[in-house]
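Colleague: So this note's numbering is basically just the index in the sequence shown, starting at one, shifted up by 141.
The beta-carbon is built from N, C-alpha and C at its ideal position, and this holds for glycine as well.
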Amino acid sequence: MTEGVLRRTVLKTAAALPLAATFGLLASPFLRFLRPTLKPLDVLGQSDQPLAEPPIPTYTDKDFPEPWTCIPFMFNQKYIEYNPEGKEVRKIPGYIVKLPTGDVVAYSRICPHLGCIFNFVKDPEECAKGYNFKPAGPVFACPCHLSVYDIAQAGKVVSGPAPRPPRKFEVKKVGSSYEVVSLEAGSIA
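(1) Do the stretch 215-223 and the stretch 282-295 touch if we need at least three Cβ pairs shorter than 8 angstroms?
(2) Going by the C-beta, is ALA282 closer than 7 angstroms to any heavy atom of the ligand MG?
(3) Kindly give me the distance between the Cβ atoms of VAL312 and SER300, rounded to whole angstroms, as I take these residues to be in contact under 8 angstroms.
(4) What do you reckon, are the CB atoms on PHE261 and GLY235 nearer than 8 angstroms?
(5) What are the residues that DSSP puts in a beta bridge with THR199?
(6) Using the C-alpha atoms, what's the distance from ASP264 back to GLY243?
(7) Does the separation of the CB atoms of VAL321 and ILE237 fall below 8 angstroms?
(8) Let's test the definition: count the other Cβ atoms within 10 Å of the Cβ of VAL246 and tell me whether it reaches 16, buried, or not, exposed.
(9) May I ask you to list the residues that DSSP assigns as paired with CYS211?
(10) Taking the straight line between their C-alpha atoms, what separation do you get for ARG305 and LEU152?
(11) Check GLN294 in the structure and name its three-state DSSP category.
(12) On the CB-based measure, 16 or more other CB atoms within 10 Å of its CB, does ALA168 come out buried or exposed?
(13) Nearest-angstrom Cα distance between LEU158 and ALA326?
As structure tokens, then:
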């Protein structure tokens, strides 16, 4: 190797070291962004994402005798916390509804506008009187700021100031029963 080639190799390596160190320092936050865990660089460890805490709300086909049957429930969600118990369990109110298509869906009852608890309104006339909007069918309606969500259209906001549909629960069908197993990630607003 000639002296010029050796000098270039040494200078390139010296110039690359700060760049390599910078990328090395960014690895831990990037990995925590991709997979949140309890400790930095613990890619294979337990996630610190909220999980369902027993008892899991479970329903059968008999609980839904007809379309638009709506059942309120409370979902226990466990958050990992640095306290003596190692967790915090929050109760999240929800509705599970059987649609005319036969599908069973579940939504959080917390309004994404400002966090009020909304209602299930089956009668469009009742909705028109109380919420200033006449829908085509049953809806969720928030009494605080009059947001209305169309259940038949995946919770689409059809009236009011709400920025998006309410968060959905994942419903898993096991035989003839339905289990509410997890809540869509996100916050109220």
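Modeller: On the basis of the supplied data:
(1) no
(2) As for the ligand MG, it is missing from this structure, which has no ligand bound.
(3) So it is not a contact: roughly 26 angstroms between Cβ atoms.
(4) no
(5) DSSP lists GLU320 as partners of THR199.
(6) 20 angstroms
(7) Result yes, Cβ atoms of VAL321 and ILE237 sit closer than 8 angstroms.
(8) buried
(9) Answer is VAL238.
(10) 54 angstroms
(11) helix
(12) exposed
(13) So the two alpha carbons sit approximately 39 angstroms from each other.
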